[in-house]
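Chemist: Below you'll find the structure I mean.
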Amino acid sequence: MVQSTMADRARKPATYADLEAVPEHLVAEILFGNLVTHPRPASDHGAAGTSLSHELVGPFQKARGGPGGWLFINEEELHLGPHVTVPDIAGWRRQRLPPGAATSAYFEVAPDWICEVLSPSTEKYDKGDKRRIYALYGVPHLWYLDPRARTLEVFALQDQNWLLIHTFVDQDEVCAPPFNELTFSLGLLWPFDDPTEPSA
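The sequence shown begins at 1 in this note's numbering and counts up by one.
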């Protein structure tokens with residue numbers, strides 16, 4: 001265990017008031033008492049996340065060609081104990097949502113699945129403190145989508161540790177828990193790729 005310094009022990013944990021004071025153009029989170037801010041994502045980041053949401057919402061939220069029973073929200077504020085996180089995409093099984101969830105400003109129920117879209121400004125938090133927080137609060141499934149590397153990593157929680165289930169790359173066909181009923185091309189999540197040249 002890393003020993004904290006005297007300065008670390010003297011530092012007061014960030015409060016929600018500190019988070020609310022952050023300018024609106026920044027995303028703010030509280031991770032293990034530290035206020036963390038970063039800019040809004042670049043276009044390739046946002047487009048990849050939106051494309052993934054589109055693949056999932058039809059079959060798993062609207063029951064179009066799939067089982068339904070899920071709710072997905074992009075950039076929802078989560079209050080997990082003392083931590084405040086803002087995952088890129090979070091999904092809940094509908095039976096776990098409490099009454100009044102639709103009018104809440106944030107969720108205190110840990111999601112059943114989270115996807116973080118990796119970017120240079122967020123990757124160390126997504127793979128560090130946020131991953132530890134998600135494990136502590138029992139999020140069973142975690143995906144990392146990386147538009148720069150064109151990869152998707154799929155993790156499952158086992159005994160509070162993350163187990164890498166599969167890594168998909170480029171144009172791979174994706175079929176992964178907890179959405180095993182769906183198969184889609186990972187290439188659909190890279191909308192900024194050069195269009196295919198028309199055949200002569």
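In this text, a Cβ means the ideal position worked out from N, Cα and C, and glycines have one as well.
All values reported here derive from a predicted model rather than from experimental measurement.
For the alpha helix (DSSP H) that contains Y134, what are its first and last residues?
Modeler: Against the sequence shown, residue 134 aligns to sequence position 134. First-last of the alpha helix (DSSP H) with Y134: D129 to L136.
Chemist: Assign V86 to one of two classes, buried (16 or more other C-beta atoms within 10 Å of its C-beta) or exposed (fewer than that).
Modeler: Position 86 of the sequence shown, counting from 1, holds the residue named residue 86. By the 10 Å Cβ count, V86 comes out buried.
Chemist: Does D170 pass the burial test, meaning 16 or more other C-beta atoms within 10 Å, or should it be called exposed?
Modeler: Start at 1 with the first residue of the sequence shown, and residue 170 comes out as number 170. Under this definition D170 is an exposed residue.
Chemist: Work out the CA separation of D172 and G58 for me, nearest whole Å.
Modeler: In the sequence shown, counting from the first residue as 1, residue 58 sits at position 58. In the sequence shown, counting from the first residue as 1, residue 172 sits at position 172. In a straight line, the C-alpha of G58 is about 21 Å away from that of D172.
Chemist: Following the continuous beta strand (DSSP E) through T202, name the residue where it begins and the one where it ends.
Modeler: No answer is possible for residue 202: it lies beyond the span of the chain, which begins at 1 and ends at 200.
Chemist: From the DSSP output, in three-state form, read off Y16 for me.
Modeler: Against the sequence shown, residue 16 aligns to sequence position 16. Three-state DSSP puts Y16 in a helix.
Chemist: So, at 8 Å on beta carbons, what are the nonlocal neighbours of N161 in its own chain, with the 5 sequence-adjacent residues on each side left out?
Modeler: Sequence index remark: in the sequence shown, residue 161 carries index 161 (1-based). A135, listed in sequence order.
Chemist: Work out the CA separation of P39 and Q95 for me, nearest whole Å.
Modeler: As a first step, residue 95 is located in the sequence shown; it is residue number 95 there, counting from the start. As a first step, residue 39 is located in the sequence shown; it is residue number 39 there, counting from the start. Spanning the two alpha carbons is a distance of roughly 34 Å.
Chemist: Rounded C-beta distance between S53 and L189? I'm assuming under 8 Å.
Modeler: Along the sequence shown, read from residue 1 onward, the residue named residue 53 stands at position 53. Along the sequence shown, read from residue 1 onward, the residue named residue 189 stands at position 189. Incorrect: roughly 10 Å between the Cβ atoms, too far for contact.
Chemist: Measuring CB atoms only, is the segment 21–34 touching the segment 119–133, in the sense that at least three cross pairs come out at less than 8 Å?
Modeler: Yes, the segment 21–34 is in contact with the segment 119–133.
Chemist: State the Cα-Cα distance for the pair A47 and S119, rounded to the nearest angstrom.
Modeler: Counting from one through the sequence shown, the residue named residue 47 turns up at place 47. Counting from one through the sequence shown, the residue named residue 119 turns up at place 119. Cα to Cα, the separation comes out at about 13 Å.
Chemist: Can you round the beta-carbon distance between V174 and P147 to whole angstroms, since I take them to be within the 8 Å contact cut?
Modeler: Here the question's residue 174 lines up with position 174 in the sequence shown. Here the question's residue 147 lines up with position 147 in the sequence shown. The Cβ separation is near 15 Å, so there is no contact.
Chemist: May I ask you to report which of helix, strand or coil DSSP gives L186?
Modeler: What you label residue 186 is simply residue 186 of the sequence shown in a count that begins at 1. Three-state result, L186: helix.
Chemist: Less than 6 Å between C-beta atoms, sequence neighbours within five positions excluded: which residues of the same chain meet that for S41?
Modeler: Start at 1 with the first residue of the sequence shown, and residue 41 comes out as number 41. One detail in the question is off: residue 41 reads as Pro in this sequence, not Ser. These residues qualify, in order along the chain: S119.
Chemist: Rounded to the nearest angstrom, what separates A149 and T167 at their Cα positions?
Modeler: Here residue 149 is taken as the residue at index 149 of the sequence shown, counted from 1. Here residue 167 is taken as the residue at index 167 of the sequence shown, counted from 1. Cα-Cα distance, rounded: 11 Å.
Chemist: Taking only the alpha-carbon atoms, compute the straight-line gap between P23 and T37 and give it to the nearest angstrom.
Modeler: Position 23 of the sequence shown, counted from the start, is the residue given in the question as residue 23. Position 37 of the sequence shown, counted from the start, is the residue given in the question as residue 37. About 10 Å.
Chemist: In this structure, how does DSSP classify L56 when only helix, strand and coil are distinguished?
Modeler: Locating residue 56 in the sequence shown gives position 56, counting from the first residue. Of the three classes helix, strand and coil, the one that applies to L56 here is helix, per DSSP.
Chemist: Give me the DSSP bridge partner(s) of G91.
Modeler: Mapped onto the sequence shown, residue 91 falls at position 91. Bridge partners of G91: F72 and W113.
Chemist: Tell me, to the nearest whole angstrom, how far the beta carbon of Y106 is from that of E77; I am working on the premise that it is less than 8 Å.
Modeler: Looking up residue 106 in the sequence shown gives position 106. Looking up residue 77 in the sequence shown gives position 77. Contact flag correct, Cβ pair sits at about 4 Å.
Chemist: Here's the rule: buried if 16 or more other CB atoms are within 10 angstroms of the residue's CB, otherwise exposed. What is H83?
Modeler: Within the sequence shown, residue 83 is the residue found at index 83, counting from 1. The residue is buried, with at least 16 neighbouring Cβ atoms inside 10 Å.
Chemist: How far does the alpha helix (DSSP H) with E153 in it extend, from its first residue to its last?
Modeler: Mapped onto the sequence shown, residue 153 falls at position 153. Note, E153: premise wrong, no alpha helix (DSSP H); beta strand (DSSP E) at T151 to Q158.
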